[in-house]
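Residue numbering for the sequence shown follows the numbering used here, starting at 0 and increasing by one per position. As structure tokens, the structure follows; a few thoughts come after it.
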Amino acid sequence: MKTQIICAVIIQHHSVSHDVKHFLELFGQMIAIIPMWITVLDKGYDSEPIHQMIHNENLTSMIPTRNITVLISRTRGKYRKQMKRGEFDYSLYHQQNKTETIFSVIKRRFGSEIKSYNDTMKEKELLYRVLAYNYHRMCIISALV
């Protein structure tokens, strides 16, 4: 997250659908593009199959458990129990806030409203904003070097 570049995107058309169903595709795109050693996700992604998928790629998963009041003995899954036992690093988890920063920058610099009516045009408009954001970030990074 040093560069804060967006490397994988899926545009969903229904606001009520959950992001977890897109995780497999996004995760595959990210692994193909950038080297990673850790995956930081929010509580909504706390499931043993997601932990297993991440660990199968020899990565560390950093996902807080959904219900922290449930005893470890009642929590199912090897990796979910590891998170409850204290193998959860909050300093790394707070790197996830950079994701919200990225969304905020996109909205401030490129507008928070979508002007298109057609679904395909909405998708293109959002993808162009992501491209514009990445170009903006690369200009900033190259100026620092």
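All C-beta atoms in this analysis are idealised placements derived from N, C-alpha and C, irrespective of residue type, glycine included. Since the structure is predicted, the reported quantities are computational estimates derived from the model, not experimental observations.
With 16 as the cutoff for other CB atoms within 10 Å, does residue i come out buried or exposed?
| i | result |
| --- | --- |
| Leu40 | buried |
| His50 | buried |
| Ile18 | Note that residue 18 is Asp in the sequence shown, not Ile. Classification for Asp18: exposed. |
| Met82 | buried |
| Asp45 | buried |
| Ile71 | exposed |
| Ile67 | exposed |
| Ile32 | exposed |
Give the DSSP bridge partners of residue i, in chain order.
| i | result |
| --- | --- |
| Thr38 | Ser60 |
How close, in whole Å, do the beta carbons of residue i and residue j come, if the pair is a contact with beta carbons under 8 Å?
| i | j | result |
| --- | --- | --- |
| Tyr132 | Ile105 | 5 Å |
| Ile10 | Glu122 | 5 Å |
| Glu124 | Ile139 | Contact doesn't hold; Cβ gap of about 23 Å is too wide. |
| Ala7 | Leu25 | 5 Å |
Could you please give the first and the last residue of the uninterrupted alpha helix (DSSP H) stretch that includes residue i?
| i | result |
| --- | --- |
| Val129 | 118-143 |
| Thr100 | 96-109 |
| Gln81 | 77-83 |
| Ile33 | Ile33 -> no alpha helix (DSSP H), and no H or E assigned at all. |
| Ser46 | Per DSSP, Ser46 belongs to no alpha helix (DSSP H) and is neither H nor E. |
| Ser90 | 89-92 |
Is the number of C-beta pairs between the region 99-106 and the region 61-79 that are closer than 8 Å three or more?
Touching, no.
Should the region 58-75 be regarded as contacting the region 21-37, the criterion being three or more beta carbon pairs within less than 8 Å?
A contact exists between the region 58-75 and the region 21-37.
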